[in-house]
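Before any comments, here is the structure.
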Amino acid sequence: MTTASLRWPLRRPVDASGIWSWITTVDHKRIAKLYGYTGFVFFIVGGLEALLLRIQLAQPESSFLTAAEYNTMFTMHGTTMIFLVVMPMAAAFMNFLLPLMIGARDVAFPRLNALSYWFFLVGGIVLYSSFLFATAGAPQGGFLGETSTALGKAANGGWFMYPPNSGPQFSPGTVIDFWLIGLLVLGVGSLVSSVNLLTTIFNMRAPGMKLFRMPVFVWMSMVVNFLLAFSLPIVTVALIMLYFDRNFGTLFFEASGGGDPVLYQHLFWLFGHPEVYVLILPAMGIVSEVLPVFSRKPLFGYPAVVFAGIAIGFLGFGVWAHHMFASGIGPIAQVAFGLSTMTIAVPTGIKVFNWIGTMWEGKLKFTVPMLFAMGFVAMFTIGGLSGVTHAVVPSDWQQTDTYYIVAHFHYVLFGGAMFGIFAGLYYWFPKLTGRMYDATLAKLHFWLMFIGFNLTFAPMHWLGLQGMVRRTETYAAETGLGPWNMVATIGAFIIAISTLIFMANWVQSRRRGAPAPMDPWDARTLEWAIPSPPPEFNFAEIPQVTSLDDFWHQKYTEDDAGRPVRKPDADARLAHLEEIGHNPEHRPHLPAPSWFPPLAGLAMLFVATGLLLHASIVGIAIGLVGAAGLFLALVAWSREPLEEEVSAHE
Amino acid sequence: MPVFAIAAVIFILVEAAVVYAAFKFRDRGDETEPKQIHGNNKLEALWTIIPALILVGIAVPTVSAIVDLTSAPDDAVEIDVIGHQWWFEFSYPEGITTANVLVVPAGTPIDLSMTSKDVVHSFWIPRLAGKRDVIPGQYTSLYFEADEPGEYWGQCAEFCGLSHAKMSFRVRALPPAEYTAWLQAQQQPAVEPAAGSLEAQGRDIFLGRGCIACHNIKGVSEVAGEVPGAPDLTHFASRNVFAGASLSIDSDDDLRDWLANPPAVKSGSFMPNLGLSPDDITALIAYLRSLE
Chain F
79 MTTASLRWPL RRPVDASGIW SWITTVDHKR IAKLYGYTGF VFFIVGGLEA
129 LLLRIQLAQP ESSFLTAAEY NTMFTMHGTT MIFLVVMPMA AAFMNFLLPL
179 MIGARDVAFP RLNALSYWFF LVGGIVLYSS FLFATAGAPQ GGFLGETSTA
229 LGKAANGGWF MYPPNSGPQF SPGTVIDFWL IGLLVLGVGS LVSSVNLLTT
279 IFNMRAPGMK LFRMPVFVWM SMVVNFLLAF SLPIVTVALI MLYFDRNFGT
329 LFFEASGGGD PVLYQHLFWL FGHPEVYVLI LPAMGIVSEV LPVFSRKPLF
379 GYPAVVFAGI AIGFLGFGVW AHHMFASGIG PIAQVAFGLS TMTIAVPTGI
429 KVFNWIGTMW EGKLKFTVPM LFAMGFVAMF TIGGLSGVTH AVVPSDWQQT
479 DTYYIVAHFH YVLFGGAMFG IFAGLYYWFP KLTGRMYDAT LAKLHFWLMF
529 IGFNLTFAPM HWLGLQGMVR RTETYAAETG LGPWNMVATI GAFIIAISTL
579 IFMANWVQSR RRGAPAPMDP WDARTLEWAI PSPPPEFNFA EIPQVTSLDD
629 FWHQKYTEDD AGRPVRKPDA DARLAHLEEI GHNPEHRPHL PAPSWFPPLA
679 GLAMLFVATG LLLHASIVGI AIGLVGAAGL FLALVAWSRE PLEEEVSAHE
Chain H
4 MPVFAIAAVI FILVEAAVVY AAFKFRDRGD ETEPKQIHGN NKLEALWTII
54 PALILVGIAV PTVSAIVDLT SAPDDAVEID VIGHQWWFEF SYPEGITTAN
104 VLVVPAGTPI DLSMTSKDVV HSFWIPRLAG KRDVIPGQYT SLYFEADEPG
154 EYWGQCAEFC GLSHAKMSFR VRALPPAEYT AWLQAQQQPA VEPAAGSLEA
204 QGRDIFLGRG CIACHNIKGV SEVAGEVPGA PDLTHFASRN VFAGASLSID
254 SDDDLRDWLA NPPAVKSGSF MPNLGLSPDD ITALIAYLRS LE
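Just so you know, the protein sequences line up as chains F and H, in that order.
Start counting the first sequence at 79; every next residue gets the next number (our numbering).
Start counting the second sequence at 4; every next residue gets the next number (our numbering).
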């Protein structure tokens, strides 16, 4: 088959720059940037939602937001931060790094990778289009106290969306449907991505890159993608059942019709708890890369850190009912889930101790990625310890649904996951952009965020233990909860300011920062063995891997005392790698861009619209057009020529 | 709870180790490189086994506490709890139905049997017991005991829709003798207002303006058919709070605001704005406050 004989749509696009090159790209590094920037936009949105919540709670009996607006804001804040920020940010890191770290030229299925991104974007658009197009209302028979405003026109049932409150009787209107369809589309994208990245890890490793020579970030990504592959189908089932209950009169969760609302809770948390590890494990991977480099020591107990991550993944499927200790599950179940939850503390502890062991007797360089990584260890420990207190079931009966829980999971997901993500953003900034960040601004960002974070979330521990329940838009003045809530709100604004500093630094440095060398940190893993930013083909020559931390061992040997000694030819070796990265002997073949992933994404937007408007003939028509478009896009995709006889992944 | 003490000790040790490492092992700008230590099996085994042993120590009292707190003694006072959006209803074996204020005898075990008329709620009296969800189509039980007479604050702890924040309640623990007297009083029909009084006008408004479609007042009007969806008002004035315990019966403003436009006070409320005039409201308040 020759390309000349083909006509559009089967001809592959050729733009190398400009907007169409981004829309049709299948390059894992560009897709990573799309994920990262989109995720960051949602981080700003979710952060603004959090600020509205904190303004409302700064004082008792405040009327800044109505109850309907408040409920919408906390639901969308949680949904956004989990599904539209931390997950895509982790996807950005995995996309950018996995091929580079294992010595590959791209992921296993580059077009599927693009499809995952477009589905993520469509899911996010559906979720947020709710504010423009959806309707919200009081429960059937109830009366709204005020006219509904734009801020109240998105999902308002909490990110867990328990029925019957989220069912047709108690949440009429369409806001919940927008949420359900948005999440279902996001789920398809994540599921596709998990299969793609698992295949990449198992099949695309460079020669000699045995499993136990893989960087810990790759290991943690593997665990994350297994968790996604097994847990997403479960929540998909729950969401579809709830969608059917709401739209087609099924009674899966409707108690009055013999359904069981608690079944939904089990299904949701059977996904929801592994999801927590989906959010934290990538950050644990990042920290495991950053700490050794800036301690100038290998990771302490690499096998233990790897096995602990795998153990956390396995155990993560056996603890879901600790989210439901107050739901009246029997004492045997309470004991079983309490004990299984405690068990998770063991591998988590191993990780924390090994990170400290890595720093111990090292030569610590306090770069900003290192500060965030150490901040991660310090803050995540707090979240982990408060987690153990939830496993003590009678104690959890007091803590659950209070601000103590809010404090706990923000120490895990902000002090943990987001600090890890910031560590990674600074650490790989030179590789991503080819420039260095402004270290002074970056340090200011870290310290302001660290202080703001603790001011915001530490007081929530004692607010919760004093009895402040979650998800309430107001509290009485005589409770005495006001002052600490004001502190938390001030902290939230400090976080906001630190984020603005981060953005200014990013925008400034990616254009005008000092040019970054190939290996600015004297690092250990393969992504630093190629120019910054990496050429489109990543590796001019596929590396031959001979050990863990292969790149480090290309540069260093050890003397008799076990101290590293730079090899005399290390600089020449780096210069050679840089030279072939810029001027390869043979230009490697790469997968060509494609129209069909974005077209399939567009078709999915039509399908989603059809599902939302299924009550009207126009809606059904839109849905059918979308389904036909999706089918045609996938057929054309399968017929698309590679353009080259030889695969890029020899 | 010993778990908090253990957590605090581990917290201090770990954070101290991080801070110590940051000072002790920071790069001092000299040429010496650190020894490349890849791990230490003995140490790692140690920090696997010691936390596991600590957890066993936490697990044992946890399991026994779960078992202890699971079942109420046989002599417990049994009370039914029904969750509604957004208030709790309490019904007693003596045939009493009340709302928002759970009256119990102090020093006596109480065994609550709970269910919901609509969505999932969670019943929580922070100073007396842990939370227990209140679930439609199921019965959950909660057992507690108020050692001291007094008033305790309670709150719905599971997000249950628009006015979840305003779904609170009070527990009033009475000395046993007073509790018995209270039970007696609650079984009486409502107080009959004197003919021509303001209270009698209020009763006529209650009968004439649709209130009786949802509210029971024993001896005056009983809602036909199913269990009414609104609080029983027979002894309204024996309580001190209403509307999910978010408003005070002693406060004229609270009562006036509520009767003038309930959804404006508690969004999503099932009690509509009845278009009552200020005079109607004055009379209704007088009547409601007479219902001792």
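Glycine included, C-beta positions come from ideal geometry on N, C-alpha and C.
Predicted model, so just to flag it, every value in this text is computed and none were measured.
| Query | Result |
| --- | --- |
| Buried or exposed: which applies to H:THR183, given that a residue is buried once 16 or more other Cβ atoms fall within 10 Å of its Cβ? | exposed |
| Tell me the DSSP secondary structure of H:LEU177 in three-state form. | strand |
| Please report the straight-line C-alpha distance between F:PHE535 and F:HIS488, rounded to a whole angstrom. | 7 Å |
| At a CB-CB cut-off below 9 Å, which residues of chain H make contact with F:GLU147? | Simply none; closest approach about 10 Å. |
| Interface residues of chain H around F:GLY416 at Cβ under 8 Å? | ALA62, THR65, VAL66, ILE69 |
| Ignore the nearest five residues each way along the sequence and tell me which others in F:GLU728's own chain have a CB closer than 7 Å to its CB. | Residue confidence is low: F:GLU728 scores 41 on pLDDT, short of 50, so the model does not pin down where it sits. No coordinate-derived value is stated. |
| For the candidate residues F:ILE579, F:GLY542, F:MET564, F:MET546, whose alpha-carbon lies nearest to that of F:LYS521? | F:ILE579 |
| Can you list the residues of chain H that F:ILE428 reaches, using a CB-CB cut of under 9 Å? | GLU47, TRP50, THR51, PRO54 |
| Taking 7 Å as the CB-CB cut-off, is H:GLY42 touching chain F? | yes |
| Any C-beta of chain A sitting closer than 7 Å to the C-beta of H:PHE14? | Although the question refers to chain A, the structure presented lacks it and instead comprises the protein chains F and H. |
| Take H:GLN39 as the anchor and find which of F:GLY251, F:ARG374, F:TRP673, F:MET154 has the nearest alpha-carbon. | F:ARG374 |
| Counting only beta-carbon atoms, is F:VAL623 nearer than 7 Å to chain H? | no |
| Helix, strand or coil: how does DSSP classify H:PRO265 here? | helix |
| Please classify F:HIS664 as buried or exposed, where buried requires at least 16 neighbouring CB atoms within 10 angstroms. | exposed |
| With a threshold of 8 Å, are at least 3 pairs of Cβ atoms found where one atom belongs to the segment 508-519 of chain F and the other to the segment 582-594 of chain F? | yes |
| Hey, F:SER309 and F:GLU353 are a contact pair by Cβ (cut 8 Å); roughly how many whole angstroms apart? | 6 Å |
| For the segment 438-467 of chain F, enumerate the residues whose C-beta is nearer than 8 Å to any C-beta of chain H, in chain order. | TRP438, GLU439, GLY440, LYS441, LEU442, LYS443, PHE444, MET452, VAL455, ALA456, THR459, ILE460, LEU463, SER464, VAL466, THR467 |
| Give, in chain order, every residue of the segment 218-244 of chain F whose Cβ lies closer than 7 Å to some Cβ of chain H. | GLY219, GLY220, PHE221, LEU222, GLY223, GLU224, GLY236, TYR240, PRO242, ASN243 |
| Please name the residue or residues paired with H:HIS87 in a DSSP beta bridge. | H:TRP90 |
| How about F:ALA233 and F:ILE259: do their beta carbons lie closer than 7 Å? | no |
| Let me check understanding here. Comparing Cα to Cα, which of F:ILE312, F:PRO311, F:PRO339 lies closest to F:ASP323? | F:PRO339 |
| Could you check if H:ASN219 is buried or exposed, using at least 16 other CB atoms within 10 Å of its CB as the buried criterion? | buried |
| Suppose the cutoff is 8 Å on Cβ atoms and the five residues either side in sequence are ignored; what does the same chain contact list for F:THR557 look like? | PRO138, GLN544, GLY545, MET546 |
| Going by beta-carbon coordinates alone, are H:SER270 and H:LEU165 separated by less than 7 Å? | yes |
| If you measure from the CB of F:ILE122, is any heavy atom of the ligand SAH nearer than 6 Å? | The ligand content of the structure shown is nil, which means the ligand SAH is not present either. |
| Tell me, which residues are paired with H:ASP136 by DSSP? | H:SER125 |
| Along chain H, in chain order, which residues have C-beta atoms closer than 7 Å to that of F:ASP479? | SER125, LYS134, ALA160, GLU161 |
| Measure the Cβ-Cβ separation of F:GLY406 and H:THR143 and say whether it is below 7 Å. | yes |
| Can you pull the chain H neighbours of F:THR550, defined as C-beta to C-beta under 7 Å? | HIS167, ALA168 |
| Taking 7 Å as the CB-CB limit, is F:ALA82 close to chain H? | With a pLDDT of 43 at F:ALA82, under the threshold of 50, the modelled position of that residue is not reliable, and the figure given next carries that caveat. Cβ-Cβ to chain H under 7 Å: no for F:ALA82. |
| How is F:GLN343 classed by DSSP in three states: helix, strand or coil? | helix |
| Starting from F:TRP196, trace the alpha helix (DSSP H) both ways and give me its first and last residue. | 188-211 |
| Quick one: what's got a C-beta closer than 6 Å to F:MET79's C-beta in the same chain, skipping five residues either side? | The pLDDT assigned to F:MET79 is 42, lower than 50, so where the model puts this residue is not dependable; a value taken from the coordinates is nonetheless given after this. Once the five neighbours on either side are set aside, the close Cβ partners of F:MET79 are PRO719. |
| Please check if any C-beta of chain F sits within less than 7 Å of the C-beta of H:ARG29. | yes |
| Within the 7 Å Cβ cut-off, does H:PRO96 reach chain F? | no |
| Grouping DSSP H, G and I as helix and E and B as strand, with all else coil, what is F:ARG324? | helix |
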